[in-house]
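Numbering (this note's numbering), first residue to last: 176 to 491.
Laid out in structure tokens, this is it:
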């Protein structure tokens, strides 16, 4: 079996095993989807076209591109998907301010031409650009020589942020990997951390709905010290301002967290979504479609999400 566009042996083996198992038991295994990947338009290392080819090679039935704060990769993504067997889902991922912290809202099925959504993203990116300059200044003050122009040159997409600065630090030998760069220098409370403008969740959700999309709280139980009780309270508050769903299946959700997230979605009548948060080479060990190898997002998640998005488009 040949694998193109950076697909790994792990991915190939997973899907080969699925094929063998399907033939052995005489049934068709459920189709799989991935509703959370990133491209070179933000901080991924695969182009939108490469992501489509990779998803098709792996046998995914649908793929959602949700780059950070930009829609610039969606034209190429949807054009590539039109000629493929994998359905391209246009999306975006927005960081939102939440009581001194932050959370991420993924918009699925959004209209890339929607004016209010484009305006919100333009404002977010402008503030991000200003923060990049301040981060570089802070690093220079720490005695770390890094040039913003070099970071911008290496970044391929419209959205440039801390992951690109972290990659530059790794290339210069300042840090061993991107994770270390965040833990030691770029993360909240670290020497080179600089805050930036983040919209409130209700603004992001309202804008996503206006663009004909559904709003999903990404990785609600990962990367946080929040208790499950706090997560439940947050999800309930977010539902009151229009949240449509939870990302119940996510690579860094442990099995018990995946069950808890699904139970929470059921209790609050929220839709289920899932994806790998695949960034290509910037997400070591995480593979499209399968995460660390044990993730399976069924395509049965897709219908309710699509129907909800259609209801918003029909209401506008």
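Ideal Cβ positions, reconstructed from N, Cα and C, are used throughout, including at glycine. Nothing here was measured: the structure is a model prediction, and the numbers come from that model.
Query, Result
"For a test of the three-state rule: what should DSSP assign to residue 380, helix, strand or coil?", "helix"
"If the criterion is Cβ atoms closer than 8 Å, does the pair residue 417 and residue 209 meet it?", "no"
"Determine, using beta carbons only, whether residue 285 and residue 387 come nearer to each other than 8 Å.", "yes"
"DSSP three-state label for residue 275, please.", "coil"
"On the DSSP letters alone, give me the boundaries of the beta strand (DSSP E) that residue 321 sits inside.", "Premise fails: residue 321 is in no beta strand (DSSP E) and is neither H nor E."
"Quick check on the burial criterion: 16 or more other C-beta atoms within 10 angstroms. Buried or exposed for residue 487?", "buried"
"For the beta strand (DSSP E) that contains residue 492, what are its first and last residues?", "Residue 492 is absent from the model: the chain starts at 176 and stops at 491."
"Since residue 497 sits in a beta bridge, which residues does DSSP pair it with?", "Outside the displayed span of the chain (176 to 491) sits residue 497, for which this structure offers no information."
"Could you check how far apart the C-beta atoms of residue 296 and residue 245 are, in whole angstroms? I think they sit under 8 Å.", "6 Å"
"I'd like to confirm the pairing. Which residues does DSSP put opposite residue 243 in its beta bridges?", "268"
"How many whole angstroms separate the CB atoms of residue 265 and residue 238, which I take to be in contact at a CB cut-off of 8 Å?", "No, residue 265 and residue 238 are not in contact; Cβ-Cβ is about 11 Å, not under 8 Å."
"Could you check how far apart the C-beta atoms of residue 360 and residue 323 are, in whole angstroms? I think they sit under 8 Å.", "The pair is not a contact, with the Cβ atoms about 15 Å apart (cut-off 8 Å)."
"Among 478, 476, 475, 453, which residue has its Cα nearest to the Cα of residue 468?", "453"
"I need the boundaries of the beta strand (DSSP E) containing residue 418, first residue and last residue.", "No beta strand (DSSP E) holds residue 418; DSSP gives it neither H nor E."
"Pairs of beta-carbons, one from the region 373-389 and one from the region 398-416, closer than 8 Å: are there three or more?", "yes"
"With a cut-off of 8 Å, do at least 3 Cβ pairs link the region 244-261 to the region 210-225?", "yes"
"In the DSSP assignment, what residue or residues form a beta bridge with residue 473?", "207"
"In the DSSP assignment, the alpha helix (DSSP H) including residue 360 goes from what residue to what residue?", "It is not in any alpha helix (DSSP H) - residue 360 carries neither H nor E in the DSSP assignment."
"Tell me which residue opens and which closes the alpha helix (DSSP H) that residue 311 is part of.", "290-316"
"Using CA coordinates, which residue listed in 476, 362, 330, 422 is at the minimum distance from residue 276?", "362"
"Quick one: Cα of residue 308 to Cα of residue 258, how far?", "40 Å"
"Answer yes or no: do residue 458 and residue 480 have a C-beta to C-beta separation smaller than 8 Å?", "no"
"Bridge partners of residue 280, per DSSP?", "269, 392"
"Based on DSSP bridge pairs, tell me the residues matched to residue 446.", "420"
"Take residue 327 and list the residues in its own chain whose beta-carbon comes closer than 7 Å to its own, dropping the five residues that flank it on each side.", "335"
"Under 8 Å between the Cβ atoms of residue 420 and residue 393?", "no"
"Evaluate residue 431 with the Cβ neighbour count: other Cβ atoms within 10 Å of its Cβ, from every protein chain shown; 16 or more gives buried, anything less gives exposed.", "exposed"
"Compute the minimum distance between the beta carbon of residue 459 and the heavy atoms of the ligand NAD, and state whether it is under 7 Å.", "With respect to the ligand NAD, the structure offers nothing, as it holds no ligand at all."
"Output needed for residue 260: all residues of its chain with C-beta closer than 7 Å, excluding positions within five of it in sequence on either side, in chain order.", "231"
"Taking 7 Å as the limit between beta carbons, can you name the residues of its chain near residue 436, skipping five residues before and five after?", "395, 396, 421, 423, 428"
"Assign residue 263 to one of three DSSP states: helix, strand, or coil.", "strand"
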